[in-house]
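Notes follow once the structure below has been shown.
Number of protein chains: 2
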Amino acid sequence: MKSKSKLLITGANGFTGQHACNHFSKQGIDVIAVVRNKNNAKINNVKVECCDLTNQTSVKELIYKVKPEYILHLAGQNHVKESWVNPIMIMEANVMSSLYLLDALRTEHPSCKVVIVGSALQYDILQDKYPPHPYSLSKTLQSLVSESWSKLYNLDIIIAHPNNLIGPGHSKGVCSLIAQEIVKTENEMPAKPITISDPCIHRDFLDVRDAVKAYETLFKYGNNNEIYKIASGKSHSLGQLVSKYQSLSPKEVPVTVNKSNTKEAPIRVDVSKMKALGWVPGISFETSLKDILTFYRQLEDQKD
Amino acid sequence: MKSKSKLLITGANGFTGQHACNHFSKQGIDVIAVVRNKNNAKINNVKVECCDLTNQTSVKELIYKVKPEYILHLAGQNHVKESWVNPIMIMEANVMSSLYLLDALRTEHPSCKVVIVGSALQYDILQDKYPPHPYSLSKTLQSLVSESWSKLYNLDIIIAHPNNLIGPGHSKGVCSLIAQEIVKTENEMPAKPITISDPCIHRDFLDVRDAVKAYETLFKYGNNNEIYKIASGKSHSLGQLVSKYQSLSPKEVPVTVNKSNTKEAPIRVDVSKMKALGWVPGISFETSLKDILTFYRQLEDQKD
Chain A
1 MKSKSKLLIT GANGFTGQHA CNHFSKQGID VIAVVRNKNN AKINNVKVEC CDLTNQTSVK
61 ELIYKVKPEY ILHLAGQNHV KESWVNPIMI MEANVMSSLY LLDALRTEHP SCKVVIVGSA
121 LQYDILQDKY PPHPYSLSKT LQSLVSESWS KLYNLDIIIA HPNNLIGPGH SKGVCSLIAQ
181 EIVKTENEMP AKPITISDPC IHRDFLDVRD AVKAYETLFK YGNNNEIYKI ASGKSHSLGQ
241 LVSKYQSLSP KEVPVTVNKS NTKEAPIRVD VSKMKALGWV PGISFETSLK DILTFYRQLE
301 DQKD
Chain B
1 MKSKSKLLIT GANGFTGQHA CNHFSKQGID VIAVVRNKNN AKINNVKVEC CDLTNQTSVK
61 ELIYKVKPEY ILHLAGQNHV KESWVNPIMI MEANVMSSLY LLDALRTEHP SCKVVIVGSA
121 LQYDILQDKY PPHPYSLSKT LQSLVSESWS KLYNLDIIIA HPNNLIGPGH SKGVCSLIAQ
181 EIVKTENEMP AKPITISDPC IHRDFLDVRD AVKAYETLFK YGNNNEIYKI ASGKSHSLGQ
241 LVSKYQSLSP KEVPVTVNKS NTKEAPIRVD VSKMKALGWV PGISFETSLK DILTFYRQLE
301 DQKD
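Protein chains in written order, with UniProt numbering: chain A, 1 to 304; chain B, 1 to 304.
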């Protein structure tokens, strides 16, 4: 991945997208940020292209115009709850838009190297007969069609499955939700009480900036048509998360932690494939939480 | 499946669709035939509705308007060769249109019983890592989303996987292609020479009229979210097919049969699940071939 290489980032306005634009443009990469609506674009110092990725013609025109050497495909819908209500929208946003992108590469620019960002929430067809929700189905099909397109049309496609990404920026994850309420409490505003129903539930949290570096590693060294799990390889319980936040704020953290009924075992995401490519996460869990708090504190300060 | 029940048949203009409209309307079923373009409709004595099934809004309006008790979903694209060139069209026609239909049932009419007609050409995700062609991928995804929608939203969906369907009517199958050339020869017109590269290749041929009866059996007795193979359970080599045709025509059949290099074993499609529901094929291979010849002979006579 040479300096001045053209990298197209879809979903550039999202949580990961903004970090990715920032990281790659600092590396001297020629970043083209794809957003749906230019007026809402929150990205600075990179070129911005508007495109509705659920429109096949628009996607084809975008690829024909930009002809990027790399694509980081982050765009999509990732709301599990919403997927129950509007499953077609989820399928179009996650499956068809990926297909439009890959098929535009097939016809317009087949030499491009693509990282498709899937999800750890996809279900394993080989083990489970049914998906737990439409979102899971959509991400499984996204992987499936990406692998198939790579094989059928000899395209250079790598699939990344990130776990829970955390870090500064607007996110709907649990770390972000708690931090927002902590900052409200610190500013003596009424906080929305959060309840952790089971503190023993374990998650693998990875800083989004480490994930972006993992995507860079995949562009450099990733193997065509392989699936890579992107995670810290470490397990934290939600109870630990709340305690850690408590140690980072002078105020009482507005989270009710229920008593646990179960002792859920820590999870171990196997990240050996990423490590074999030379990638290791560099940001500790504590640093991520500190930076999330700082992000929301600064946001609150700006309001004054 | 009572008399006067409302049955919506998609792909009604197709090879199987025409037979299905004919069969079910004769049973006293209130058939509503869905076609893309009314001007091209080849179906008589049934109600016809126009709908572009790749348009979600149109599909929703159709289901809201008709509220059928049964749907036989035959519509789709089934050209393997074309699927390489226009794979997105195949995915939209086979995957998204099925999803639009099932999702319209979810929101407008969830009590409907649906038979989704898949294909024996779908690949087995559990065994094969990649599909052999985009058509195969599209039919695998069609099954997958149908099973998922049935489970996620508690809809009454049955999946049928027919093998090679043959019989009178316009079809692009090998039995139909050979018959057309035989009839040309019989009428002393120049026939296009057909070459059978390997006479030992085996196929399971089933008469389309038996397949339609199988779909009726599924409406009556089929189990929700089950996949049923629809086939004769008998194997015929392409060499046998040519010999059989030769015995049915006074003229030399214009087919060149290469010498076989391999001895392909007969195939055995397991149709025990269909037989357990009381269905058995009733039309012999020879009768099917005779009826195909009769169809093309009558077509030729009508030209005079």
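Beta carbons are placed, not taken as given, at the ideal position from N, Cα and C, and that holds for glycine. It should be emphasised that the depicted structure is a prediction, and the values quoted were computed from it without experimental measurement.
Legend entry - Selection of the region 129 to 147 of chain A by Cβ proximity to chain B, strictly under 8 Å: K129, Y130, P131, H133, P134, L137, L141, L144, V145, E147
Inset, instruction - Check whether the Cβ of A/D52 lies closer than 9 Å to any Cβ atom in chain B. - result: no
Inset, instruction - Could you run through the region 99 to 127 of chain A and flag, in chain order, every residue whose CB is less than 9 Å away from some CB of chain B? - result: L99, Y100, D103, R106, I125, L126
Inset, instruction - Buried or exposed for A/N163, please, with buried defined as at least 16 other CB atoms from any protein chain shown within 10 angstroms of its CB. - result: buried
Legend entry - B/E69, DSSP secondary structure in three states: coil
Inset, instruction - State yes or no: is the beta carbon of residue 312 of chain B nearer than 9 Å to at least one beta carbon in chain A? - result: No information on residue 312 of chain B is available, as it lies outside the stretch 1 to 304 that chain B covers here.
Inset, instruction - For the beta strand (DSSP E) holding B/S166, just list the boundary residues, first then last. - result: Before going on, a small fix: residue 166 of chain B reads as Ile here, not Ser. First-last of the beta strand (DSSP E) with B/I166: 164 to 166.
Legend entry - Amino acids of chain A, ordered along the chain, whose beta-carbon sits closer than 8 Å to that of B/N56: Before going further, note that residue 56 of chain B is Gln rather than Asn in the sequence given. The contacting residues are I88.
Legend entry - Which listed residue (B/D52, B/K213, B/S111, B/Q122) has its alpha carbon closest to that of B/T16: B/K213
Legend entry - Separation of A/P199 from B/K139, as counted between CA atoms: 43 Å
Inset, instruction - Please go through the region 192 to 254 of chain A and give each complete alpha helix (DSSP H) segment of 4 or more residues, from N-terminal end onward. - result: 208 to 221, 238 to 248
Legend entry - Among B/V46, B/Q298, B/K60, the one whose alpha carbon lies nearest that of B/Q180: B/Q298
Inset, instruction - Specify the secondary structure class of A/T256 as computed by DSSP and reduced to three states. - result: strand
Legend entry - Burial state of A/S143 (16 or more Cβ within 10 Å): buried
Inset, instruction - Take A/Y153 and list the residues in its own chain whose beta-carbon comes closer than 6 Å to its own, dropping the five residues that flank it on each side. - result: R106
Legend entry - Segment limits, beta strand (DSSP E) that includes B/L155: Unbroken run through B/L155: none, as it is neither H nor E.
Inset, instruction - Would you please state the rounded distance, in angstroms, between the beta carbons of B/Y228 and B/A160? I believe it to be under 8 Å. - result: 5 Å
Inset, instruction - Between the Cα of B/K263 and those of B/I201, B/M1, B/I158, spot the shortest distance and give me the residue it belongs to. - result: B/I201
Inset, instruction - Would you tell me roughly how many angstroms separate the C-alpha atoms of B/I194 and B/D124, rounded to the nearest one? - result: 31 Å
Legend entry - DSSP-derived helix/strand/coil call for A/C175: helix
Legend entry - Environment of B/Q56 [buried if 16+ CB atoms lie within 10 Å]: buried
Inset, instruction - Return the residue from the list A/K303, A/N187, A/A93, A/L101 that minimises the CA-CA distance to A/S150. - result: A/L101
Legend entry - Residues bridged to A/I32 [DSSP beta-bridge criterion]: A/L8, A/K47
Legend entry - CB contact flag (A/L277, A/I166, <9 Å): no
Legend entry - Within 9 Å, strictly: CB atoms of A/V208 and A/H19: yes
Inset, instruction - For A/H79, count neighbouring Cβ atoms within 10 angstroms of its own Cβ and tell me buried if that reaches 16, exposed if not. - result: exposed
Inset, instruction - Please say whether B/I71 and B/V31 have beta carbons closer to each other than 9 Å? - result: no
Legend entry - Same chain only: Cβ atoms within 8 Å of B/E226, ignoring 5 sequence neighbours per side: I158, I159, K273
Inset, instruction - Please look up how many angstroms separate the CB atoms of A/H133 and A/S83, rounded, as I've assumed it's under 8 Å. - result: 6 Å
Legend entry - Interface flag, B/K81 vs chain A, CB-CB below 9 Å: no
Inset, instruction - State the Cα-Cα distance for the pair A/S260 and B/E69, rounded to the nearest angstrom. - result: 48 Å
Legend entry - Cα-Cα separation between A/G169 and B/S148, rounded to whole angstroms: 34 Å
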